[in-house]
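Engineer: Numbering (our numbering), first residue to last: 844 to 973.
Attaching a single structure in structure tokens format; questions to follow.
If you want it as structure tokens, here you go:
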């Protein structure tokens, strides 16, 4: 089974980690299309307190185009989710491994796209550790 995601722990405040993740994604051609503030949503919808937690929807348009052209149903798994949350004095970043989409959607045409996305997002994870 493929590793679900690439996890990194950063010795940074949550807000600084969000900025660092966004910049690292941009270096690999990914933009953040969506940003869900889970803490705010939990407070607003359920009136409960929750830790600082964001779900970022990252997209590399050329890769998304290739993937959707190969298998339109892959849209169910797009964009690539990145979660960022506080864990004590650290911030955890976990990036979805694109190779998981090949396991869900059995289409060999997706394999090269997923492999390239995997390489790029793995480099993002590695860059965060520097």
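In this text, a Cβ means the ideal position worked out from N, Cα and C, and glycines have one as well.
For the putative contact between residue 849 and residue 940, defined by C-beta atoms under 8 Å, what is the C-beta separation to the nearest angstrom?
Structural biologist: About 6 Å separates the two Cβ atoms, so the contact holds.
Engineer: What residue range is occupied by the uninterrupted alpha helix (DSSP H) comprising residue 964?
Structural biologist: Taken as a continuous stretch (DSSP letters only), the alpha helix (DSSP H) holding residue 964 covers 954-971.
Engineer: Below 8 Å on the Cβ atoms is my contact criterion, and I expect residue 933 with residue 895 to pass it. Report the Cβ-Cβ distance as a whole number of Å.
Structural biologist: That belief does not hold up - the Cβ atoms of residue 933 and residue 895 are roughly 12 Å apart, past 8 Å.
Engineer: Taking 7 Å as the limit between beta carbons, can you name the residues of its chain near residue 954, skipping five residues before and five after?
Structural biologist: 945, listed in sequence order.
Engineer: My assumption, with CB atoms under 8 Å, is that residue 925 sits in contact with residue 901. Please give the rounded CB distance.
Structural biologist: Confirmed, Cβ separation roughly 5 Å.
Engineer: Along the chain, where does the alpha helix (DSSP H) that runs through residue 912 open and close?
Structural biologist: First-last of the alpha helix (DSSP H) with residue 912: 904-913.
Engineer: Out of 918, 936, 909 and 919, which one is the CA nearest neighbour of residue 958?
Structural biologist: Ranking 918, 936, 909 and 919 by Cα distance to residue 958 puts 909 first.
Engineer: Can you tell me the Cβ-Cβ gap for residue 972 and residue 865, rounded? I've got them flagged as a contact below 8 Å.
Structural biologist: Not quite, the Cβ-Cβ distance comes to about 16 Å (not below 8 Å), so this is no contact.
Engineer: Who are the Cβ neighbours of residue 952 in its own chain at under 6 Å, not counting the five residues just before and after it?
Structural biologist: Closer than 6 Å at Cβ, skipping near neighbours: 913.
Engineer: Output the distance between the C-alpha atoms of residue 943 and residue 861, rounded to the nearest integer angstrom.
Structural biologist: Taking the straight line from one Cα to the other gives about 24 Å.
Engineer: Could you tell me which residues DSSP pairs with residue 848 in its beta bridges?
Structural biologist: Partner(s): 939.
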